[in-house]
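**Student:**
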Amino acid sequence: MHLGIHFGEPSSFLLLANGPAALDVKELVQRIEQGFADFKKTNDERLGKLEKGGVTGDMEAKLAAIQKDVATALDLRKDLERVELKAGRSGLGGGHDVDPDKVAYKTAFVGGFIRKGDETGLKDLATKAMSVGSPSDGGFAVPESLDRTIEKLQRDVSPMRQMANVVQVGTSEYKKLVNKNGIASGWVGETDGRPETGTSKLAEVAPPMGELYANPMVTQQALDDLFYDVEADIVEQVAEEFAVAEGGAFTSGNSVKKPQGFLTLPTAATKDNARAFGTLEHIATGQAGDFAANNKADLFYFILASLKAEYRTGALWTMNKQVMFEIMRIKNADGDYLWQPSLQESMPIKLLGFGVMENEDMPDKAANSLSIAFGNFKRGYTIVDRMGTRMLRDPYTNKPYVGFYTTKRVGGGVINSEAIKVAKFAAA
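With this note's numbering applied, the sequence shown covers 142 to 569.
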């Protein structure tokens with residue numbers, strides 16, 4: 142797949158349907174870097190005019206246009222990465238099973254059950270092939286190779302799955318013991334006595350779980366077409382619907398029959414070891430619903446300093462695109478921009494040296510909103526996938542479409558409330 146963009150005015154990204162330049166992700170990263178250079182130049186000119194009391198309306202319009210162009214390039218980069226990931230897979234079947242029972246089950250599942258609704262012998266094949274049996278209330282377990290592909294596709298499009306720790310379980314719940322205050326330790330000589338270490342305080346954390354569902358539709362005519370790749374189409378539809386639904390839950394879910402989003406935890410301005418377990422530390426912007434009027438950059442240094450050094454390796458910022466572009470304008474006391482393009486193709490933006498993961502489920506700025514987060518999400522947030530996805534074929538409800546009602550149990554919650562910090566758009 143070839144996508145082209147063209148620069149006219151500084152950093153003017155224009156998507157050309159048949160552009161002469163075939164772009165890859167590396168080129169787009171370079172274009173984003175050039176776009177930000179143009180943005181900095183224009184913004185510096187705007188600030189210079191403001192200092193002299195000049196009118197800056199034309200500069201504001203130019204900055205808005207450049208930001209829109211950079212946003213287009215960022216979206217193109219994400220699309221291209223997904224295209225390259227898809228092209229790099231050896232089919233969407235999740236690899237080839239070598240277990241003959243699994244091969245037989247998958248063949249019967251796709252060729253018989255999905256295409257024709259033929260369930261002949263499918264339960265017996267499922268019993269032989271699957272570690273989890275067919276559900277008692279109808280439908281069949283999705284073959285393991287397809288299940289793995291759904292999970293891989295979810296990760297490709299889900300910011301939280303890329304950032305967080307993901308575990309698989311075979312039961313209906315997941316519990317983890319977390320040490321709230323660490324265990325005292327020390328050094329002794331070979332023949333010295335061993336004093337008792339301090340007793341740890343353990344807390345049991347159980348990320349809330351719920352049933353995630355998707356219901357992709359396919360026409361019977363398409364199912365009858367032997368050249369139509371029904372396997373790939375349904376797997377992609379399920380993965381994308383799952384990713385959209387769970388993304389919001391991992392960020393702001395209320396834990397009622399769904400995961401608990403990290404933004405729904407209580408927050409306090411107190412430091413680590415002084416807050417209640419399960420409470421995130423927030424750092425106030427200094428102004429309700431906005432950044433502080435002066436010294437805006439201080440907020441980001443305070444957030445960075447609030448995260449213990451042991452969590453900084455692997456730490457990321459996350460926010461939505463609108464907030465991200467506001468940060469583009471912020472400089473520190475030395476006149477340096479905080480927002481910088483990165484040379485890494487997989488992470489084209491950095492803020493104070495740490496990657497930025499765009500997450501459109503993060504809220505816009507508003508009074509008391511938690512619109513920016515920073516932390517080591519692999520240490521702080523755990524996503525729980527119960528093994529086994531099930532599918533129920535429904536050719537009756539929405540004729541001429543055949544629905545494939547697909548369900549899976551998914552959970553999520555904060556495991557370590559010290560590992561994630563949030564900015565609160567409030568005076569204090």
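Beta carbons are placed, not taken as given, at the ideal position from N, Cα and C, and that holds for glycine.
What are the uninterrupted segments assigned as alpha helix (DSSP H) that are 4 or more residues long and contained completely in the segment 300-379, given in chain order?
**Tutor:** 300-304 and 361-365
**Student:** Is it right to say S510 is buried, meaning 16 or more other beta carbons lie within 10 angstroms of its own, or is it exposed?
**Tutor:** buried
**Student:** Name, in chain order, the residues that DSSP records as bridge partners for D431.
**Tutor:** Q428
**Student:** The beta strand (DSSP E) spanning F495 covers which residue range?
**Tutor:** F495 to E499 is the span of the beta strand (DSSP E), which, as asked, contains F495.
**Student:** Counting only runs that start and end within the segment 491-548, where is the alpha helix (DSSP H) found for 4 or more residues in a row?
**Tutor:** Assignment of alpha helix (DSSP H) within the segment 491-548, counting only whole runs of 4 or more residues, yields 518-521 in chain order.
**Student:** Quick one: is D502 buried, meaning 16 or more other Cβ sit within 10 Å of its Cβ, or exposed?
**Tutor:** So D502 counts as buried.
**Student:** Quick one, which of Y542, V464 and R453 has its alpha-carbon nearest F495's?
**Tutor:** When only C-alpha atoms are compared, the closest one is R453.
**Student:** Taking just the CA atoms, how far does T360 sit from A214?
**Tutor:** 35 Å
**Student:** Just how far apart, CA to CA, sit G253 and V551?
**Tutor:** 28 Å
**Student:** Thinking S286 and L421 are a contact (beta carbons under 8 Å), I'd like their distance in whole angstroms, please.
**Tutor:** Between L421 and S286 the Cβ distance is about 39 Å, and since that is not below 8 Å, they are no contact.
**Student:** Would you decide whether D179 is buried or exposed? Buried here means 16 or more other CB atoms lie within 10 Å of its CB.
**Tutor:** buried
**Student:** Measuring CB to CB, does N356 end up less than 7 Å from Y546?
**Tutor:** Yes; because the gap between Cβ atoms is below 7 Å, this pair is in contact.
**Student:** Counting C-beta neighbours from all protein chains within 10 Å, is the total for A568 16 or more, i.e. buried, or is it exposed?
**Tutor:** So A568 counts as exposed.
**Student:** Shortest alpha-carbon distance to K182 belongs to which of A564, V525, D477 and K506?
**Tutor:** D477
**Student:** Would you say the segment 369-378 touches the segment 283-302, given that touching needs at least three Cβ pairs under 8 Å?
**Tutor:** Counting Cβ pairs under 8 Å, three or more are found: they touch.
**Student:** Compute the Euclidean distance between the alpha carbons of L353 and V379, then round it to the nearest angstrom.
**Tutor:** Taking the straight line joining both Cα atoms gives about 10 Å.
**Student:** Can you check DSSP and say which residues form a bridge with F281?
**Tutor:** M532
**Student:** Could you say if the segment 410-428 and the segment 437-454 meet the contact criterion of at least three C-beta pairs nearer than 8 Å?
**Tutor:** yes
**Student:** Contact between the segment 295-303 and the segment 375-394 is defined here as three or more beta-carbon pairs at a separation below 8 Å; is this criterion met?
**Tutor:** yes
**Student:** Could you give the distance in angstroms between the alpha-carbon of N435 and the alpha-carbon of N473?
**Tutor:** 11 Å
**Student:** Could you give the first and the last residue of the continuous alpha helix (DSSP H) run that contains A564?
**Tutor:** Careful: A564 lies outside any alpha helix (DSSP H), inside the beta strand (DSSP E) at I561 to K565.
**Student:** Name the two residues that bound the continuous alpha helix (DSSP H) containing L440.
**Tutor:** D439 to S447
**Student:** Provide the residue span of the beta strand (DSSP E) that contains T459, from first to last.
**Tutor:** L457 to M460
**Student:** For P514 and T548, which I take to be in contact (beta-carbon distance under 8 Å), what is that distance rounded to the nearest angstrom?
**Tutor:** One point to set straight first is that residue 514 is Ala, not Pro, in the sequence displayed. That belief does not hold up - the Cβ atoms of A514 and T548 are roughly 30 Å apart, past 8 Å.
**Student:** Hey, would you say K565 sits closer than 7 Å to S447, going by beta carbons?
**Tutor:** no
**Student:** Identify, in the order they occur along the chain, each residue of the same chain with its Cβ nearer than 6 Å to the Cβ of A363, setting aside the five sequence neighbours on each side.
**Tutor:** Same-chain partners within the cutoff: Y369.
**Student:** Can you tell me whether E260 is helix, strand or coil according to DSSP?
**Tutor:** coil
**Student:** Tell me whether the beta-carbon of Q401 lies closer than 7 Å to the beta-carbon of G554.
**Tutor:** One thing to note: Q401 has its Cβ within 7 Å of the Cβ of G554.
**Student:** I'd like to check one pair, V319 with V136: are the Cβ atoms closer than 7 Å?
**Tutor:** Since the first residue of the chain shown is 142 and the last is 569, residue 136 is not available in this structure.
**Student:** Starting from Q401, follow its DSSP beta bridges and name the residues at the other end.
**Tutor:** N395
**Student:** So the alpha helix (DSSP H) P241 belongs to, where does it begin and stop?
**Tutor:** P241 to A249
**Student:** Alpha carbons only, please: which of G544, G194, V310 and Y246 is nearest the one belonging to G529?
**Tutor:** V310
**Student:** What did DSSP end up calling A202 once you bin it into helix, strand or coil?
**Tutor:** helix
**Student:** Going by Cα to Cα distance, which pick from V211, R531, V525 and T538 is closest to V307?
**Tutor:** V525
**Student:** Can you give me the Cβ contacts of G262 inside the same chain, cut-off strictly under 8 Å, excluding the 5 residues immediately before and after it?
**Tutor:** A249
**Student:** Which of the three DSSP states, helix, strand or coil, is assigned to T420?
**Tutor:** coil
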